[in-house]
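In what follows, a single structure is set out as structure tokens and then discussed.
Number of protein chains: 2
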Amino acid sequence: MAPDWVNVVAITADGKAVLVRQFRHGTEQTTLEIPGGAVDPSDRSALADARRELREETGYVARRWTRLGVVDPNPAFQTNACTTFLAEGAHPAGHPDPDEGEELEVVLVPVRRLKSLARRGVVRHALVIVAFYWWWTLRRTP
Amino acid sequence: MAPDWVNVVAITADGKAVLVRQFRHGTEQTTLEIPGGAVDPSDRSALADARRELREETGYVARRWTRLGVVDPNPAFQTNACTTFLAEGAHPAGHPDPDEGEELEVVLVPVRRLKSLARRGVVRHALVIVAFYWWWTLRRTP
Numbered sequence: 001m002a003p004d005w006v007n008v009v010a011i012t013a014d015g016k017a018v019l020v021r022q023f024r025h026g027t028e029q030t031t032l033e034i035p036g037g038a039v040d041p042s043d044r045s046a047l048a049d050a051r052r053e054l055r056e057e058t059g060y061v062a063r064r065w066t067r068l069g070v071v072d073p074n075p076a077f078q079t080n081a082c083t084t085f086l087a088e089g090a091h092p093a094g095h096p097d098p099d100e101g102e103e104l105e106v107v108l109v110p111v112r113r114l115k116s117l118a119r120r121g122v123v124r125h126a127l128v129i130v131a132f133y134w135w136w137t138l139r140r141t142p
Numbered sequence: 001m002a003p004d005w006v007n008v009v010a011i012t013a014d015g016k017a018v019l020v021r022q023f024r025h026g027t028e029q030t031t032l033e034i035p036g037g038a039v040d041p042s043d044r045s046a047l048a049d050a051r052r053e054l055r056e057e058t059g060y061v062a063r064r065w066t067r068l069g070v071v072d073p074n075p076a077f078q079t080n081a082c083t084t085f086l087a088e089g090a091h092p093a094g095h096p097d098p099d100e101g102e103e104l105e106v107v108l109v110p111v112r113r114l115k116s117l118a119r120r121g122v123v124r125h126a127l128v129i130v131a132f133y134w135w136w137t138l139r140r141t142p
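These protein sequence lines are chains A and B, in that order.
When the letters of the first sequence are read in order and numbered with this note's numbering, they come out as residues 1 to 142.
When the letters of the second sequence are read in order and numbered with this note's numbering, they come out as residues 1 to 142.
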């Protein structure tokens with residue numbers, strides 16, 4: 001059974017999204033994604049997992065956390081869920097501390113460019129597009 | 001290796017999205033999704049697959065087809081891609097003809113309600129949220 005996942009849309013005070021460039025062995029491609037990963041059973045909550053993933057993969061922490069939404073990545077075969085969080089006021093608090101075998105590079109991108117990254121296929125991970133959707137929906141809704 | 005997938009945002013002339021209610025064995029839940037499915041190797045193109053899935057799952061055909069975008073459902077483990085199409089001017093052309101074992105119910109929903117369905121968790125399938133993102137991005141972009 002696949003573990004639950006968390007994803008983080010982390011935005012700095014000056015309007016940049018904190019992304020990670022990563023080599024994915026499934027597609028054998030270098031991808032641009034948002035921080036996230038599998039839930040650690042020892043963590044107390046999805047929010048705790050999200051904080052840990054942001055800190056480990058990017059070295060960033062954030063002032064304000066909001067739960068944006070939950071999706072089923074693949075309900076035909078899997079029972080796991082992916083929860084997306086918004087982390088505002090993100091700022092570096094130290095060096096990244098990725099899991100062994102993970103090679104990550106932190107990339108800051110102005111939020112106004114995210115839509116273009118998705119449209120041009122630079123960001124192709126379905127769950128990252130989902131995160132953009134939640135974030136964008138939140139911003140556009142009164 | 002997982003097959004490629006196609007998904008279809010089908011919209012009727014009077015502004016309703018053609019959705020399908022379906023029982024998913026992975027999550028053991030009845031879900032609300034858009035028409036779509038695995039690519040048939042005998043089909044000539046992703047567009048041909050999309051037309052076939054819309055016709056088989058809903059009985060609908062459409063006047064105008066637009067390719068919205070492509071995502072990797074799970075690049076950590078899979079190499080398959082999911083292509084989303086917009087099908088405008090959708091209208092019924094006969095009875096659905098689902099694959100054996102598929103139990104589908106066609107549901108027409110005004111497009112203005114899609115965002116609320118996603119926010120309230122009625123639609124939870126990651127690739128359907130991706131499709132909403134593509135469609136919404138297209139509409140909001142000059």
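No residue lacks a Cβ here, since even glycine has one placed at the ideal position from N, Cα and C.
Just so it is clear, the structure is predicted and the values come from calculations on it, not from any experiment.
Outcome for residue i when other beta-carbon atoms lying within 10 angstroms are tallied against a minimum of 16
| i | result |
| --- | --- |
| T30 (chain A) | exposed |
| R124 (chain B) | buried |
| P75 (chain B) | buried |
| G37 (chain B) | buried |
| D14 (chain A) | exposed |
| R51 (chain A) | buried |
| P41 (chain A) | exposed |
| P73 (chain A) | buried |
| P35 (chain A) | buried |
| E100 (chain B) | exposed |
| R24 (chain B) | buried |
| A93 (chain A) | exposed |
| E53 (chain A) | buried |
6 angstroms Cβ shell around residue i - same chain, five flanking residues per side excluded
| i | result |
| --- | --- |
| V39 (chain A) | P3, D4 and D49 |
| T84 (chain B) | N7, L68, G69, A131 and W134 |
| L32 (chain B) | L19, R21, V122 and V123 |
| A46 (chain A) | V6 and T83 |
| T66 (chain B) | L86 |
| R63 (chain A) | G89 |
| R112 (chain B) | none |
Backbone secondary structure at residue i - three-state DSSP
| i | result |
| --- | --- |
| V123 (chain B) | coil |
| A76 (chain A) | coil |
| A48 (chain A) | helix |
| T27 (chain B) | coil |
| A90 (chain B) | strand |
| R67 (chain A) | strand |
| P142 (chain B) | Low per-residue confidence applies at P142 (chain B): pLDDT is 42, beneath 50, and the placement is therefore not dependable enough to give any value. |
| I129 (chain A) | helix |
| E100 (chain A) | coil |
| A10 (chain A) | strand |
| A118 (chain B) | helix |
First through last residue of the beta strand (DSSP E) which encompasses residue i
| i | result |
| --- | --- |
| P110 (chain B) | L104 to P110 |
| A38 (chain A) | G36 to A38 |
Neighbourhood of residue i by C-beta distance below 7 angstroms, restricted to the same chain and skipping five residues each side
| i | result |
| --- | --- |
| P98 (chain A) | E56, E57 and L104 |
| Y60 (chain A) | A10, V18, L54, A90, H91, P92 and A93 |
| P110 (chain B) | G15 and K16 |
Contact set for residue i: own chain, Cβ-Cβ below 8 angstroms, skip 5 residues either direction
| i | result |
| --- | --- |
| L108 (chain A) | T12, K16, A17, V18 and L19 |
Handout entry: Contacting positions in the region 53-76 of chain B - beta carbon closer than 9 angstroms to chain A
Key = Result list: G69, V70, V71, D72, P73, N74, P75 and A76.
Problem - Near-chain B residues of the region 115-127 of chain A (beta-carbon distance less than 8 angstroms), N- to C-terminal order - result: Listed in chain order, the positions of the region 115-127 of chain A with a beta carbon within less than 8 angstroms of a beta carbon of chain B are K115, A118, R119, G121, R124, H125, A126 and L127.
Handout entry: Within 8 angstroms of chain B by C-beta, residues of the region 11-35 of chain A in sequence order
Key = Under the 8 angstroms Cβ criterion, the region 11-35 of chain A contributes R24, H25, G26, T27, E28, Q29 and T31.
Exercise for the section: Note down, in chain order, all residues in the region 93-111 of chain A with a beta-carbon under 7 angstroms from any beta-carbon belonging to chain B. Expected result: Of all residues in the region 93-111 of chain A, none has a Cβ within less than 7 angstroms of some Cβ in chain B.
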